[in-house]
Structures are given as structure tokens and as C-alpha cells.
Amino acid sequence: MRVAFVMAAILFCAPVFAQGVKLPSVTNSIDMELIEIPAGTFTMGSPVGEKGRQENEAQITVTLIKPFSLGKTEVTQGQWKEVMGTEPWKEQPLVKADKDCPATYVSWDDATAFCQNLTEIERKAGKLKADEEYRLATEAEWEYACRAGTTTAYSFGDDEKQLGEYAWFNGNSENVDEKYAHKFGLKKPNPWGLHDMHGNAWEWCSDWHDKKLSGGVDPIGPGGGSSRVLRGGGWRDRPGFCRSAYRSSIGPSFRNSSLGFRVARSQSAQ
308 MRVAFVMAAI LFCAPVFAQG VKLPSVTNSI DMELIEIPAG TFTMGSPVGE
358 KGRQENEAQI TVTLIKPFSL GKTEVTQGQW KEVMGTEPWK EQPLVKADKD
408 CPATYVSWDD ATAFCQNLTE IERKAGKLKA DEEYRLATEA EWEYACRAGT
458 TTAYSFGDDE KQLGEYAWFN GNSENVDEKY AHKFGLKKPN PWGLHDMHGN
508 AWEWCSDWHD KKLSGGVDPI GPGGGSSRVL RGGGWRDRPG FCRSAYRSSI
558 GPSFRNSSLG FRVARSQSAQ
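Taking the working numbering, the leading residue of the sequence shown gets 308, the next gets one more, and so forth.
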């Protein structure tokens, strides 16, 4: 029975929304806009021959049977302060203090605490269903949303010369007098309306890191490890690090000026 259910779910979810389709969004009680991401099946990882490809990007098929919402932008300093009441980036180097800039110097543990606090705030406000929560996206959810139906190195194609139109990276931040994560909305979004999926701030995912991608139905990564997955690249990184498939990881207590996160909202991924 379980096998039949899973196979039916895979068949049902197989179609992926086309590139350029405008997805609906919702705004929560702290004025955070979230894009409603549909269920679907996609190929995770990169093909052999993609420029900058790493060994840990071997392609695998993933089916997400649960739709979810994902922050249109990385969590901002203003949103962080409203939920947490702190400023972890204050008096730190390589930061622009602005309510619309990403909250950086945030560890995986910090990001998870933010999600828990936001869940409590939204439940008290009557904005969440009983089985819903805010959390970090799984690595599979993150790449699925970043690709937005595309199969190219970036969500806009394979030509890295176009990256400056969509991302803050070392070509327009590290080597000029703008060495910090920038305000949201200054670069073009991906086909599903998500900003800064490439560059600006690295984004924590919920998964423990493994050398191989986790495939199958709603994968959540290995059960343990020493480092958590990072995706998207940052303002001080070269183009290859900002590809849709690029994977990085670091210990969950790490913080720096190019490390932030965005939130997902859905039923629990566990």
C-alpha cells in the first residue's frame, strides 16, 4: 500500500510549473512575503560538463509531494530584529546596517531559533494552521525553488556574464567599495519571483551535509553529521559558487558577513 501511494504521488507531482509562471504569494504578520511553491519532480545536481561542477553534485531525481512557501527574500535585519530583538551583525565588519539588508552573522542554530520564534508569533496571531511551522528549507526544496523549472547552471541560463543582473557576487561587490550583503530587490528575481537565490548571502538549509545528494521522495538529508548545508553563494564569491547546484557546508555555529538564510513555511518536513 505504501509503495502504491508513493508511486501515485510521484506521478501526480511529476509536472513542474513552467518557467516564468507567476506564483501566488502570501504576506505574514511581520510583513514577510512568501512565494507559494508547488509540489513537483526535478533533477537535482548538475550535469557532467557544467562549468564549475563539483563531484558532490552528481544528478539525482527528487520528488516533492508537499507544496511549501518560501521567503521571497532572505530574512532581513528588520525582520530579525522584530522577531529576535537582537542585532548579531552590529559592530561587525563588512556589514551595511539597513532594515532591508540580509540579517548576517547568523548561525544555523540562530536561524533555527528565529524560525521557532516566528512560528510562535504566527500561531498567537492566528496565522498558522495547527500542523504548520516555519523552518529552514531542505536542500532539495532550496534547489527546486532556485531552479524554478530550469535545468541550466543558473536560473537565468548558462551564461555567467549575465550574473550581475541577478546577483551580488565578487564581480560587483568584493572588488568594489560595496563589500557587504545588499538590500533585497535590487537584482532581478528568478522565474518564480524569488530574489537573491544566487549570491548576496549564503543560505542555511536544514540538512546535515553528505557528499552525495539525497534523492527520492521529500528527502531530508542524513540523520546526523558535523556540518550543515549552505546554498546560493555570497557577495564575495566567484560565479561558479552561485550556481543552482553548487553545494557548500560548515559547522552549525559558524557566523560571518556573507551568511544568512530565508525561511520556509509548511507542514513539518520531518
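Virtual Cβ for every residue (Gly too), placed ideally from N, Cα, C.
Asked, Found
"May I have the straight-line CA-CA distance separating Glu485 from Trp499, to the nearest angstrom?", "27 Å"
"DSSP three-state label for Val310, please.", "Low per-residue confidence applies at Val310: pLDDT is 38, beneath 50, and the placement is therefore not dependable, though the value from the model is reported in the following sentence. Here Val310 sits in helix by DSSP."
"Work out the CA separation of Asp466 and Thr459 for me, nearest whole Å.", "9 Å"
"If I follow the unbroken alpha helix (DSSP H) through Cys512, where does it start and stop?", "Here Cys512 belongs to no alpha helix (DSSP H); instead the beta strand (DSSP E) covers 509–515."
"Which of helix, strand or coil does DSSP assign to Pro546?", "helix"
"State buried or exposed for Val310, treating a residue as buried only when at least 16 other CB atoms are found within 10 Å of its CB.", "Its pLDDT being 38, under 50, Val310 is placed unreliably by the model, and nothing is read from it."
"Can you confirm whether Met351, when its beta carbon is compared against all beta carbons of chain B, has any partner nearer than 8 Å?", "No chain B is part of this structure, which consists of one protein chain only."
"Is it the case that the segment 513–523 contacts the segment 381–399, given that we only count it when at least three CB pairs across the two stretches are under 8 Å?", "no"
"Which residue marks the beginning of the beta strand (DSSP E) containing Ala420, and which one marks its end?", "Unbroken run through Ala420 is the alpha helix (DSSP H), 415–431; no beta strand (DSSP E)."
"Quick check on Gly478: does DSSP put it in helix, strand or coil?", "helix"
"Return the residue from the list Cys422, Val328, Ser353, Ser555 that minimises the CA-CA distance to Ala508.", "Ser555"
"Under the rule that 16 or more other beta-carbon atoms within 10 Å means buried, what is Glu631, buried or exposed?", "The chain is shown only over 308 to 577; residue 631 falls outside these bounds and no answer can be derived."
"Do the CB positions of Gly539 and Gly506 come within less than 8 Å of each other?", "yes"
"When the Cα atoms are used, what is the spatial distance from Lys495 to Asn424?", "30 Å"
"With distance defined between alpha-carbon atoms, name the residue in Pro559, Glu450, Glu394, Met504 nearest to Asp525.", "Glu450"
"Can you tell me whether DSSP reads Gly471 as helix, strand or coil?", "helix"
"Between the alpha carbons of Ile344 and Thr445, how many angstroms are there, rounded?", "13 Å"
"Tell me which residue opens and which closes the alpha helix (DSSP H) that Gly378 is part of.", "Counting along the chain, Gly378 falls outside any alpha helix (DSSP H), though it belongs to the beta strand (DSSP E) covering 375–378."
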